[in-house]
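Step one of this worksheet: look at the structure below.
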Amino acid sequence: MFKPICKKTVRAKLIIAVSSLIAVISVFIYIYFPLKLERQLLGSMTIKADQISRMIAYGATPALYFEDRDAVNEIFGAALLNEDLEYIQIARRDSSVFAELRRNPEINYSHGEMKKKPIRRRYFTVIREMGYNNQNIGFLHISFSMKSLHEDVELARFHIALISLSVFMFGVLVILAISRILSAPLNRMVETVEKIAAGNLKERANVHTNDEIGFLARQFDIMVDRLVTAYKNLDELNQDLEIRIESRTAALRLSNAQLKSELKERKQVERELSAERVRLMATLSRINEGVITTDVDNNVSVMNRVAAEITGWNEIDAIGKPIGEVFKLPVSADNGATVQDIQVFLKQHDDQENSSHITIVDTESREKELHINVIPIHTLYGEKTGTVFIFHLWINSSGGRDTNLKIFHA
Amino acid sequence: MKQRYHKKTLARRLIRWACLLLLFGQVGRAQEMPFPLDLQLQLFTKILTFDKNLEQRGGDTLRIAVIYQNLYRYSDNTREVFFSAAEEMKLQWISGFPVRILACDLRAAAELREFILDHNIDIIYIAPLRAVPVDALTDISRELGVLSFSGVTDYMKHGVSVGLDIKDDRPKILINQNNARQEGADFSSRLLHLAKIIN
Chain A
71 MFKPICKKTV
81 RAKLIIAVSS
91 LIAVISVFIY
101 IYFPLKLERQ
111 LLGSMTIKAD
121 QISRMIAYGA
131 TPALYFEDRD
141 AVNEIFGAAL
151 LNEDLEYIQI
161 ARRDSSVFAE
171 LRRNPEINYS
181 HGEMKKKPIR
191 RRYFTVIREM
201 GYNNQNIGFL
211 HISFSMKSLH
221 EDVELARFHI
231 ALISLSVFMF
241 GVLVILAISR
251 ILSAPLNRMV
261 ETVEKIAAGN
271 LKERANVHTN
281 DEIGFLARQF
291 DIMVDRLVTA
301 YKNLDELNQD
311 LEIRIESRTA
321 ALRLSNAQLK
331 SELKERKQVE
341 RELSAERVRL
351 MATLSRINEG
361 VITTDVDNNV
371 SVMNRVAAEI
381 TGWNEIDAIG
391 KPIGEVFKLP
401 VSADNGATVQ
411 DIQVFLKQHD
421 DQENSSHITI
431 VDTESREKEL
441 HINVIPIHTL
451 YGEKTGTVFI
461 FHLWINSSGG
471 RDTNLKIFHA
Chain B
4 MKQRYHKKTL
14 ARRLIRWACL
24 LLLFGQVGRA
34 QEMPFPLDLQ
44 LQLFTKILTF
54 DKNLEQRGGD
64 TLRIAVIYQN
74 LYRYSDNTRE
84 VFFSAAEEMK
94 LQWISGFPVR
104 ILACDLRAAA
114 ELREFILDHN
124 IDIIYIAPLR
134 AVPVDALTDI
144 SRELGVLSFS
154 GVTDYMKHGV
164 SVGLDIKDDR
174 PKILINQNNA
184 RQEGADFSSR
194 LLHLAKIIN
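Top line first, the protein sequences correspond to chains A and B. Quick note: the first sequence uses this note's numbering, first residue 71, plus one each step. Quick note: the second sequence uses this note's numbering, first residue 4, plus one each step.
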């Protein structure tokens, strides 16, 4: 039911809603007020009939009691001055009629109409008991014509219908005008939104009313201004970012080229170092002295063949082992060696070239006495990079052989 | 002896006066009029307007006779005040009929008949009377169709048609409806409704 209405514009909805409301109010006015008037008139008629019947009964009661027909005629004559009074009947207690007055003899004023609603009756009838000296002596039956009441009601209904129609027409005109005033800024906003959605960010609502819609339009314009500013900032950021990316890319390319160059150089150096190492190892292998080099942590880095034969270690297995493990000293050695522990020795003579006798236990648990030269290796800048141990089996004067001390500089 | 005689005479006189006072005191009370005469006259003229037969009764002039006794001071005073009140009220018309008021000094009841017939009287007002039976007067009035009024409440018992009384400080009209009808009056129910009906 509401779907078709939901599809309408705000103006149409407003017109439909308020017109419906005004229509309901008009119908209410048309129905309620005549009813109210009818009730009020009926109430007035009831009061009037009651009062008139009381007045008539006041005079008619003694007239009935004293059978005074002249008085009754006087009463009837006075009652006829009331144009609405149609019928009067004064009846005795035994229902016999004492006096009767009919304004229109052809009309029957019986109780036939009593089944109708009071307001729909042609006559308003009052029946009153007539009492004299606390004794019921008869009944007074009075009927009033409701023609004038109905005419008044019809006239009022006609006037109220005109008023209702006028209210409805005027209300519709007013709501048309109001809806136009209210919907114009909204329509302007809708047009603006459509243009902005189509990409025209220069469009503005430009509604200058001081109501909520004006406030909304102003805020909308501000929002669009901010949107435009945000777009501009975003463009600038995009441009900056592109420039940055390009410069960064160029820098990366440069550093890549440098790295490639460095890598090439490094490979060249490695190749040279490897060749140098091969040459060194070839040289070391032809030397009759045992040679062991350690790194800065005193782990074995190079061992030549003679050193392997003396210590009993495999040349490859010894690589990376601590020097103390390769030069293993006897448990309780008192073999005249000056150095008890090679590590202690190295600590004592950290940066000094030294030669000494030492007894070691080879891998087959044979004790061997060595003459050993310990030479620290320094870079050209004096930084220690390792140690060279050059040694040979020591043979004393009785049969041993002496050692030749050599110093290596890395 | 002479002094003794005087004493006896004085005692006799005193007793005689006392008896007279007792006698006339009782009579006075029975003939008491609770209403001032001017008010009585106003009410009676108003009551007459409710008589539907007034037109037949009146003819060209409405004649009212005040029945009184010249030798009875109270009665005579009543007559005098009645006339002066009528004069003050300028009582000349009742319901469109010219009014003529006559005084009838009554010594015997029979004189009333003659007076009524001679003067064509329509209404009689009976002032306080002494030694005249009111019943006889009302018999005549009924016979001749003359409406009888009286300010003496007690006379209602003797057949007067219209009288006045005071009850709870309010005036009360007393109407003997049967007698009134016999006297040719036909009072409106509006009056009867307000009056106390005595039958």
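Glycine included, C-beta positions come from ideal geometry on N, C-alpha and C. Note that the coordinates shown come from a computational prediction; the quantities given were computed from them, not determined experimentally.
Give every residue of the same chain whose Cβ lies closer than 6 Å to the Cβ of A/H448, excluding the five residues on either side of it in the sequence, and list them in chain order.
-> K454
Based on Cα-Cα distance, which residue from A/S215, A/E221 and A/A93 lies nearest to A/L150?
-> A/S215
Using a Cβ cut-off of 7 Å (strictly closer), state whether B/S192 contacts chain A.
-> yes
With 9 Å as the C-beta to C-beta threshold (strictly closer), list the residues of the stretch 120-132 of chain A near chain B in chain order.
-> Y128, G129, A130, T131 and P132
What residues are listed by DSSP as bridge partners for B/A139?
-> Bridge partners of B/A139: none, in fact.
Is the beta carbon of A/M115 sitting closer than 7 Å to the one on A/L246?
-> no
If we cut at 7 Å on Cβ distances, does B/L195 have a partner in chain A?
-> yes
Taking DSSP as the reference, what is the three-state secondary structure of B/Y75?
-> coil
Counting contacts by CB-CB distance shorter than 7 Å, is A/A148 in contact with chain B?
-> no
Contact list for B/K55 against chain A, beta-carbon separation under 7 Å = D140
Could you check what DSSP says for A/L286 in three-state terms: helix, strand or coil?
-> helix
Looking at chain B, which residues of the stretch 94-117 of chain A have a Cβ within less than 7 Å of any of its Cβ atoms?
-> none
Answer with buried or exposed for A/S79, where buried requires no fewer than 16 other C-beta atoms within 10 angstroms of its C-beta.
-> Contrary to the premise, residue 79 of chain A reads as Thr rather than Ser in this sequence. So A/T79 ends up on the exposed side.
Start-end ranges of the alpha helix (DSSP H) lying completely within the stretch 310-350 of chain A, minimum 4 residues | none
Exposed or buried, what is A/F240 when buried is set at 16 or more other beta-carbons lying within 10 Å of its beta-carbon?
-> exposed
Considering only C-alpha positions, which residue in the set A/V88, A/V294, A/V376 and A/I465 is nearest to A/L271?
-> A/V294
In terms of DSSP beta bridges, what is A/L155 paired with?
-> A/F214
Any C-beta of chain B under 7 Å from that of A/F214 | no
Assign A/F397 to one of two classes, buried (16 or more other C-beta atoms within 10 Å of its C-beta) or exposed (fewer than that).
-> buried
Taking the alpha helix (DSSP H) that A/P104 falls in, what are its first and last residues?
-> V80 to Y135
Using the C-alpha atoms, what's the distance from A/I389 back to A/W464?
-> 25 Å
For A/C76, count neighbouring Cβ atoms within 10 angstroms of its own Cβ and tell me buried if that reaches 16, exposed if not.
-> exposed
Do you know whose CA, among A/L107, A/E423 and A/P400, lies nearest A/V223's CA?
-> A/L107
Backbone CA spacing between A/N405 and A/R336 [nearest angstrom] | Below a pLDDT of 50, predicted positions are generally treated as unreliable, and A/N405, at 46, falls in that range; the measurement from the model is reported next regardless. For A/N405 and A/R336, the distance between alpha carbons rounds to 49 Å.
Would the stretch 80-97 of chain A and the stretch 146-155 of chain B be scored as touching if the rule is three or more Cβ pairs under 8 Å?
-> no
Between which two residues does the alpha helix (DSSP H) containing A/A377 stretch?
-> R375 to T381
Check each candidate in A/I160, A/I266, A/T457 and A/S249 and name the one with the smallest Cα separation from A/Y135.
-> A/I160
Distance CB(B/D63)-CB(B/A188) smaller than 7 Å = no
Would B/L40 pass as a contact of B/F100 if the rule is Cβ separation under 7 Å?
-> no
Of the choices A/S165, A/S253 and A/E170, whose alpha-carbon is the least far from that of A/G147?
-> A/E170
Are three or more beta carbon pairs between the stretch 68-81 of chain B and the stretch 127-141 of chain B nearer than 8 Å?
-> yes
CB-CB length for B/I119 against B/L140, believed under 8 Å = 10 Å between Cβ atoms; not a contact.
Residue-chain proximity (A/F209, chain B), Cβ-Cβ < 7 Å = no
When DSSP builds the beta bridges, which residues end up paired with A/D76?
-> Reading the sequence as shown, one finds Cys at residue 76 of chain A and not Asp. In the DSSP output, where bridge partners are listed per residue, A/C76 has none listed.
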